[in-house]
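Single-structure report; data block below.
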Amino acid sequence: MTTPSPQACVVLVTTGSEAEAETIATALLEERLAACANILSPVRSVYRWQGKIADDREWLLVIKTRAERFAAVEARVRALHSYEVPEVIGLPLLAGSADYLDWIVTETADG
95 MTTPSPQACV VLVTTGSEAE AETIATALLE ERLAACANIL SPVRSVYRWQ
145 GKIADDREWL LVIKTRAERF AAVEARVRAL HSYEVPEVIG LPLLAGSADY
195 LDWIVTETAD G
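One point on numbering: in the numbering used here, the residue at position 3 of the sequence shown is 97, and numbering is uninterrupted.
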């Protein structure tokens with residue numbers, strides 16, 4: 095059995111509106127699933143959906159959390175998200191300011 099690392103990660107989520115991004119970000123912060131969520135807007139997303147090329151304006155959430163929290167973040171995003179197939183991508187942080195990484199761990203601790 096492996097022990098999850100407190101290593102920080104970044105989770106990327108796109109939404110169809112700023113209000114939806116704010117709702118998701120607030121829920122993740124209130125539930126201590128994220129230490130921080132940046133909302134970037136608007137971003138242009140070009141993708142294949144149901145056999146066609148789609149070109150939409152979306153809002154991008156850049157969420158900072160612990161790697162061991164990814165599954166809980168994904169579940170919460172799916173519960174709140176309006177998309178049938180929401181983008182929820184976790185990326186490991188290879189390096190960062192020690193103080194900032196410690197802050198992420200502290201802010202996402204059970205409490």
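Where a beta carbon is used, it is the ideal one built from N, C-alpha and C, also for glycine.
Predicted model only: the values in this text are computed from it and were never measured.
Practice prompt. For L122, count neighbouring C-beta atoms within 10 Å of its own C-beta (all shown protein chains included) and say buried if the count is 16 or more, exposed if not.
Written response: For this step, residue 122 is matched to residue 28 along the sequence shown. Under this definition L122 is a buried residue.
Worksheet item: Any idea what DSSP makes of E152, helix, strand or coil?
Response: The residue labelled residue 152 in the question sits at position 58 within the sequence shown. Residue state, collapsed to three classes: strand.
Discussion item. Distance check for R163 and E181, CA to CA, integer angstroms please.
Written reply: Within the sequence shown, residue 181 is the residue found at index 87, counting from 1. Within the sequence shown, residue 163 is the residue found at index 69, counting from 1. In a straight line, the C-alpha of E181 is about 17 Å away from that of R163.
Item to complete: Within the same chain, show all residues whose beta-carbon is closer than 7 Å to that of L188, passing over the 5 residues directly before and after it, in chain order.
Response: Here residue 188 refers to the residue found at position 94 of the sequence shown. Closer than 7 Å at Cβ, skipping near neighbours: no residue.
Item to complete: Kindly list the residues whose CB is nearer than 6 Å to the CB of E168, restricted to its own chain and excluding five residues on each side of it in sequence; keep chain order.
Response: Here residue 168 corresponds to residue number 74 of the sequence shown, with the count starting at 1. Result list for E168: V182, in chain order.
Item to complete: Enumerate in chain order the residues of its own chain whose CB-to-CB distance from N132 is below 6 Å, with the five nearest sequence positions on each side excluded.
Response: Sequence index remark: in the sequence shown, residue 132 carries index 38 (1-based). Same-chain partners within the cutoff: V156.
Practice prompt. Go to T117, then tell me how far its alpha helix (DSSP H) extends in each direction, as first and last residue.
Written response: Numbered from 1 along the sequence shown, position 23 holds the residue referred to as residue 117. Start and end: E112 to E124.
Discussion item. Let's test the definition: count the other Cβ atoms within 10 Å of the Cβ of S176 and tell me whether it reaches 16, buried, or not, exposed.
Written reply: Position 82 of the sequence shown, counted from the start, is the residue given in the question as residue 176. S176 is exposed by the Cβ-count criterion.
Discussion item. If I follow the unbroken beta strand (DSSP E) through Y194, where does it start and stop?
Written reply: The count along the sequence shown starts at 1 and reaches residue 194 at position 100. Unbroken run through Y194 is the alpha helix (DSSP H), A192 to E201; no beta strand (DSSP E).
Worksheet item: Looking only at C-alpha atoms, which of V179, E152, A129 and R142 sits nearest to A161?
Response: Translated into positions along the sequence shown, residue 161 becomes position 67. If we check each option's Cα against that of A161, A129 comes out closest.
Worksheet item: Given a threshold of 16 other Cβ atoms within 10 Å of its Cβ, counted over all protein chains shown, does A119 qualify as buried or as exposed?
Response: On the sequence shown, residue 119 is found 25 positions in, with the first residue counted as 1. It counts as buried.
Practice prompt. Tell me, please, which residues DSSP counts as bridged to L185.
Written response: To locate residue 185, count along the sequence shown from 1; it is residue 91. Answer is V104.
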